[in-house]
Amino acid sequence: MLEIVSTTHTNHPSVVILRITGDIDSSNYQVFQSRVDEEISKGGRRFLLNFANVKRITSAGLRVIHNLFNTLRTLNNDIDDNELRRLMSVGAYKSPHLKLTNLTPHVIDVFRLGGFEIYIDLFEDENTAIESFNSLDA
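Be aware that the sequence shown starts at 930, since it is given in the numbering used here, and climbs by one per residue.
Structure below.
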């Protein structure tokens, strides 16, 4: 069973933190997608996904994260697609709106194999990830 607990870190900038428990796969990715959509509809524009209690994620879960990445780019008026591709090709782009933390060894391998760490920062702990949002506004 997939469970997602949401909190909002309200210091500037506001960050939606989703703490996920359970495997994410084709049988339950809709729960993940619905929660993400709900938080966006409530005004969420910066997200931290905490994977401390996720042992396995499949392509269905990766698709939710990739869709969230694209949605946040649009909502935050981030760089255009051509500039994104250029910066990613030289390793010079990380999403300022989406961060991941506490990935288990298997999950981090899946993210690396999928190329997600090319454009999304992966952090070992939640506090450091939250601080990275603050450093963007400095």
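In this text, a Cβ means the ideal position worked out from N, Cα and C, and glycines have one as well.
Quiz item: Considering H938, what are the terminal residues of the beta strand (DSSP E) in which it resides?
Solution: Sequence index remark: in the sequence shown, residue 938 carries index 9 (1-based). Secondary structure note for H938: its beta strand (DSSP E) is the uninterrupted segment 932-938.
Quiz item: Hey, K984 and D954: beta-carbon distance below 8 Å or not?
Solution: As a first step, residue 984 is located in the sequence shown; it is residue number 55 there, counting from the start. As a first step, residue 954 is located in the sequence shown; it is residue number 25 there, counting from the start. Contact: no.
Exercise. State yes or no: is the C-beta of L977 within less than 8 Å of the C-beta of I1059?
Key: For this step, residue 977 is matched to residue 48 along the sequence shown. For this step, residue 1059 is matched to residue 130 along the sequence shown. Here L977 is near I1059, since their CB atoms are less than 8 Å apart.
Quiz item: What's the C-alpha gap between R948 and H941?
Solution: Taking the sequence shown and counting its residues from 1, the one referred to as residue 948 is at position 19. Taking the sequence shown and counting its residues from 1, the one referred to as residue 941 is at position 12. Rounded to whole angstroms, R948 to H941 spans 20 Å at the Cα level.
Self-check item: Length of the line joining the Cα atoms of F1062 and E1053
Solution: Position 133 of the sequence shown holds residue 1062. Position 124 of the sequence shown holds residue 1053. One Cα belongs to F1062, the other to E1053, and the distance between them is close to 15 Å.
Quiz item: Based on Cα-Cα distance, which residue from S1024, G990, F980 lies nearest to L1001?
Solution: Counting from one through the sequence shown, the residue named residue 1001 turns up at place 72. Nearest C-alpha to L1001: S1024.
Quiz prompt | Local conformation of T1030 per DSSP, three classes | solution = Mapped onto the sequence shown, residue 1030 falls at position 101. Strand at T1030.
Practice problem: Determine the burial state of L1032: buried for a count of at least 16 other Cβ atoms within 10 Å of its Cβ, exposed for fewer. | Solution: Along the sequence shown, read from residue 1 onward, the residue named residue 1032 stands at position 103. Its Cβ being crowded by 16 or more others within 10 Å, L1032 is buried.
Quiz item: What residue from N999, H1035, V1036, S988 has the CA that sits closest to I969's CA?
Solution: Within the sequence shown, numbered from 1, the residue matching residue 969 stands at position 40. Among N999, H1035, V1036, S988, the Cα nearest to that of I969 belongs to N999.
Quiz prompt | Those runs of the beta strand (DSSP E) which lie wholly inside the stretch 979-1052 and span at least 3 residues | solution = Segments of the beta strand (DSSP E) lying fully in the stretch 979-1052: 1027-1030, 1050-1052.
Quiz item: Is the CB-CB distance between Y958 and V993 below 8 Å?
Solution: In the sequence shown, the residue the question calls residue 958 occupies position 29. In the sequence shown, the residue the question calls residue 993 occupies position 64. In this structure, Y958 places its C-beta atom within 8 Å of the C-beta atom of V993.
Quiz item: Near H938, what residues of its chain come up, given a Cβ to Cβ distance below 7 Å and the 5 sequence neighbours on each side ignored?
Solution: Translated into positions along the sequence shown, residue 938 becomes position 9. Excluding five sequence positions before and after H938, the CB atoms of its chain that fall closer than 7 Å to its own CB belong to V944, I946, I1059, given in chain order.
Quiz prompt | Separation of K1028 from E1012, as counted between CA atoms | solution = The sequence position of residue 1012 within the sequence shown is 83, counting from 1. The sequence position of residue 1028 within the sequence shown is 99, counting from 1. For E1012 and K1028, the distance between alpha carbons rounds to 20 Å.
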